[in-house]
Every structure is written in C-alpha cells, then in structure tokens.
Amino acid sequence: KSGSFTISARLQRHFFTVGCQLPKDQDLVAIFSQICEAHFASFSHQTQTAVLKIVEGTVTIFKEMARRFLPTAVKFHYHLNLRHLAAVFQGLLRAAPAHHDGPRAVGRLWLHELHRAFADRL
C-alpha cells in the first residue's frame, strides 16, 4: 500500500474534526420515500408503487457497495457517502409525468442514475 490516511497533528490543530455516523437503513428509506412520494404524487399509481420499491433498492445497493468497495490509498475514489445516494434521487426527481409515467420508464431512469452515481466511480 502506498500513501497515508493520517493527518499530522500540526496541521490538524487548525481544524475542528467532526465525525458522524451514517443513518440507519430505515431512516434513509423514510427520508427518501417522503421526498419521492411528494414528487411522484402526480404520476400513475403503478409508478408510485414502483418508486417506493426503488427507494428501498437504492438504499440496499448503496449499503452493499459501501461494504464491498472499501477505499484504499490506490482506490480512494471508492469512498461513498450520502451525496452519492442523494445523486441517484436527484436524477429521479427530474422525471416528468409526460416522459416517465410507468414503472418501466422510471425503472430505466433509475438504472441510468445508478450507473451515473455508482458505476462511474469504479
């Protein structure tokens, strides 16, 4: 391995270090479900049902990728955080009923956003 993840005490004394844990899975699902329910309220009932499953699937994929792809000094870009998870939902929230109404269309958009947020990092 090359590199180091430590910061010298001389440099670190100029900063205030804060550590936060990632929210629990059910909390993430609750947060993003509320956001998606509000956006997809004008879509068909089938689409709304599919989106709720998409939220659970996205959180599961995010957690599994964070567990399997651990950052190293060489592969530092494997560090996943809530911004990457939120990027998937930001892409989904660009959906318009005229273009993405239906589970299949939203599913295709979801796959595209997963690829954009996660696969591009690999």
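Residues 1188 to 1309 in the working numbering are what the sequence shown spells out, letter by letter.
Ideal Cβ placement from N, Cα and C applies to all residues, glycine included.
ask   = Can you name the start and end residues of the alpha helix (DSSP H) that GLY1206 belongs to?
value = Segment: none, GLY1206 is in no alpha helix (DSSP H) and carries neither H nor E.
ask   = Start and end of the alpha helix (DSSP H) containing ALA1274?
value = Start and end: 1269 to 1279.
query = Pick from ALA1237, VAL1293, ALA1273: whose alpha carbon is nearest that of ALA1282?
reply = Measuring from the Cα of ALA1282, the nearest candidate turns out to be VAL1293.
query = Taking the continuous alpha helix (DSSP H) assigned at ALA1196, which residues delimit it?
reply = Its alpha helix (DSSP H) spans residues 1196 to 1199.
key: Outcome for GLU1251 when other beta-carbon atoms lying within 10 angstroms are tallied against a minimum of 16   = Under this definition GLU1251 is an exposed residue.
query = Under a three-way DSSP split, which group does THR1259 fall into?
reply = Looking at THR1259 - three-state DSSP - the assignment turns out to be coil, as it is neither helix nor strand.
message = Is it the case that the segment 1244 to 1258 contacts the segment 1267 to 1285, given that we only count it when at least three CB pairs across the two stretches are under 8 Å?
response = Segments in contact, yes.
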